[in-house]
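For the sequence shown, the working numbering gives the first residue as 101, with consecutive numbering after it.
All C-beta atoms in this analysis are idealised placements derived from N, C-alpha and C, irrespective of residue type, glycine included.
Below is one structure, written out as structure tokens, with a few remarks after it.
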Amino acid sequence: MTSVFDQARAVGDAVLYEGYLLYPYRASARKNRVRWQWGVLMPPLYASEERGDYATSRTECLLEPRKHTSVHLTLRFLQAQERLVHDGHGFVDSVTVAGKDYTTWDEAVEHELNFVVPVAELLAQPVELPFSVPPAETRECVGDHCTLVRRSGELTGLLTARLDALDGPFGGTRLRLDLRNTSTWPSDGVRESALRRALLAAHVILAVDSGHFLSMLDPPEWAKPAVEACVNERVWPVLIGGSSRSGVMLASPIILYDDPSIAPESPGELFDGTEIDEILTLRTMALTDEEKRQARATDPRAAALLDRVDDLPQELLDRLHGTVRYLRSVTGEETDLRANPASPMNPVPWWDPGADSSVSPETDGVVVAGVRVAAGSRVRLHPNLRGADAQDMFLTGRVATVRAVLSDVDGTTHVAVTLDDDPGSDLQNAHGRFRYFSPDELEPT
Numbered sequence: 101m102t103s104v105f106d107q108a109r110a111v112g113d114a115v116l117y118e119g120y121l122l123y124p125y126r127a128s129a130r131k132n133r134v135r136w137q138w139g140v141l142m143p144p145l146y147a148s149e150e151r152g153d154y155a156t157s158r159t160e161c162l163l164e165p166r167k168h169t170s171v172h173l174t175l176r177f178l179q180a181q182e183r184l185v186h187d188g189h190g191f192v193d194s195v196t197v198a199g200k201d202y203t204t205w206d207e208a209v210e211h212e213l214n215f216v217v218p219v220a221e222l223l224a225q226p227v228e229l230p231f232s233v234p235p236a237e238t239r240e241c242v243g244d245h246c247t248l249v250r251r252s253g254e255l256t257g258l259l260t261a262r263l264d265a266l267d268g269p270f271g272g273t274r275l276r277l278d279l280r281n282t283s284t285w286p287s288d289g290v291r292e293s294a295l296r297r298a299l300l301a302a303h304v305i306l307a308v309d310s311g312h313f314l315s316m317l318d319p320p321e322w323a324k325p326a327v328e329a330c331v332n333e334r335v336w337p338v339l340i341g342g343s344s345r346s347g348v349m350l351a352s353p354i355i356l357y358d359d360p361s362i363a364p365e366s367p368g369e370l371f372d373g374t375e376i377d378e379i380l381t382l383r384t385m386a387l388t389d390e391e392k393r394q395a396r397a398t399d400p401r402a403a404a405l406l407d408r409v410d411d412l413p414q415e416l417l418d419r420l421h422g423t424v425r426y427l428r429s430v431t432g433e434e435t436d437l438r439a440n441p442a443s444p445m446n447p448v449p450w451w452d453p454g455a456d457s458s459v460s461p462e463t464d465g466v467v468v469a470g471v472r473v474a475a476g477s478r479v480r481l482h483p484n485l486r487g488a489d490a491q492d493m494f495l496t497g498r499v500a501t502v503r504a505v506l507s508d509v510d511g512t513t514h515v516a517v518t519l520d521d522d523p524g525s526d527l528q529n530a531h532g533r534f535r536y537f538s539p540d541e542l543e544p545t
């Protein structure tokens, strides 16, 4: 289970630092003035449903334990730590010492807490697991009587675990984890100061020494009613090391597929999972010397990122330029140019719609439940949550209008739609910005 747990930790690291610091990686950039977006559990005095700031999260998932199974819970989060600059006379925004800049900034401190609870205890009654992080202050002299003062406040919290046997003849249990920030906070109404008493990017790695968790995205048929009854708030459990069952699960504040992993081509963290590594790396390389100087003064992690990008060998950069994960085997010779649009003798590239005159997305159709569906048809969406965009779960039951029916080079049919209740659907249609579903995810209306 070690390699699977390491995989969960690697994905958890990406969750911890997603959005921690965004390009161009300097404190003065507007996008870096509003931080900590994922898995933020505020102190109760600041929490407000109206603002979308919460002090709690809940995870529910299905577990098939064995007689002597123990559940291992690894709670991980960041804590905001003030880094103040003192020039010998008082605190200042920044200072330059021996040609190096130092800037006032909030860094992050990683925390990891481990708990082990036997299943027998969890079945008897809920188990409360309190935790705390003591306040801390350190001083670092950087020369010329200048000092960096790092301060962090006390954090307290409570992780409550319980296990309930499922109804029915198939066995199995529902594991519930409630995570609560119980930290006190000298309320001043300022979100920035409240964040210093918050659990940031909080997530839990769940593991069992025997037995297994079931997929919440594609459970076995008997478990589907139990999965639908599960309540997950501000976190979503995904399997690690398997797509149907596994001994490790990650309760993530970011919606992921089952068995997520870090791309082996990525040379290191860029703090922005929505960017393409190659593009972001090239943009970082293009920063001016002054911009890089400001970024290095902002955060040690930004400095390490810039050093890595500046020293990135060409062969590693080349690896970022597109990677083919799977290849479809094609056999047989084709001599007809119309049947072989990839031929160098054919001036029309294979990916161009003009390569196949028999294809017309605006007029083509597909039969769904005995009904021909084409552009203009109205359908109800039933996304298949396995292998689809995880965000599509929020579209279940919504009505949409078909805009085109397309086929890819593998012969798979895709139906492009816009949502009927989306006020921007006309604009999306004009720009060709569609949502794509397979025919078996649609119901004619």
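Ranges of the beta strand (DSSP E) found wholly within the segment 167-227, counting only runs of at least 3: 170-186, 194-197, 200-203, 205-218
Let me confirm a value: F270 is counted as buried when at least 16 other C-beta atoms fall within 10 Å, else exposed. Which label applies? exposed
Suppose contacts are defined by Cβ-Cβ distances below 7 Å. Is T501 in contact with D520 by that definition? yes
For H531, which three-state DSSP category applies? helix
What number of angstroms, rounded off, separates the C-alpha of S232 from the C-alpha of G152? 25 Å
As assigned by DSSP and simplified to three states, the class of V115: helix
CA-to-CA distance, P483 to D264, given in whole angstroms: 29 Å
If you measure between the beta carbons of R166 and S315, is that distance less than 7 Å? no
For E558, the first and last residue of its enclosing beta strand (DSSP E): A question about residue 558 goes unanswered here, because the residues of the chain that appear run from 101 up to 545.
Looking at the secondary structure, which residues open and close the beta strand (DSSP E) in which S252 lies? 246-252
In three-state DSSP terms, what is L437? Note that L437 scores a pLDDT of 41, beneath 50, so its modelled location is shaky and nothing firm can be said.
Considering only the beta carbon of each residue, do A351 and P337 sit closer than 7 Å? yes
I'd like the list of long-range same chain contacts for L145, defined as Cβ closer than 7 Å, with 5 residues on each side in sequence excluded. W285, S287
Assuming V308 and T169 are in contact, meaning their beta carbons sit under 8 Å apart, how far apart are those beta carbons, in whole angstroms? 5 Å
Check whether the Cβ atoms of D244 and T260 sit closer than 7 Å, and answer yes or no. no
State the Cα-Cα distance for the pair V171 and T388, rounded to the nearest angstrom. 50 Å
Rounding to the nearest angstrom, what Cα-Cα distance links A442 and S507 in this structure? With a pLDDT of 45 at A442, under the threshold of 50, the modelled position of this residue cannot be trusted, and the question is left open.
Looking at the structure shown, is I379 part of a helix, part of a strand, or coil, going by DSSP? helix
Return the chain-ordered ranges of every alpha helix (DSSP H) run that is complete within the segment 280-362 and spans a minimum of 4 residues. 291-295, 324-329
If we call anything under 7 Å between Cβ atoms a contact, is L141 one with L266? no
First and last residue of the uninterrupted beta strand (DSSP E) at L506: 499-507
Give me the Cα-Cα distance between L542 and E210, rounded to the nearest whole angstrom. 44 Å
Meets three-Cβ-pair contact criterion under 8 Å: the segment 206-225 and the segment 170-186: yes
Compare the Cα-Cα distances from K131 to each of Y120, G139, A236 and report the closest residue. Y120
Same chain, Cβ closer than 6 Å to P319, five either side skipped, listed in chain order: V327
Backbone CA spacing between V249 and R383 [nearest angstrom]: 32 Å
Please state if the CB of W136 and the CB of I354 are separated by a distance shorter than 7 Å. no
Buried or exposed: where does I340 fall if 16 or more other Cβ atoms within 10 Å of its Cβ makes it buried? buried
Three-state class that DSSP yields for E160 in the structure shown: strand
So, do the segment 199-207 and the segment 217-226 have three or more beta carbon pairs nearer to each other than 8 Å? no
Among N281, T512, E390, R262, whose alpha-carbon lies nearest the alpha-carbon of F177? N281
Can you give me the Cβ contacts of S538 inside the same chain, cut-off strictly under 6 Å, excluding the 5 residues immediately before and after it? none
List the residues that DSSP assigns as beta-bridge partners of Y536. A516
Run of the beta strand (DSSP E) containing E543, from where it starts to where it stops: 542-544
Using a threshold of 7 Å, state whether the C-beta atoms of S283 and L255 are closer than that. yes
Euclidean distance between Cα positions of A208 and R239: 16 Å
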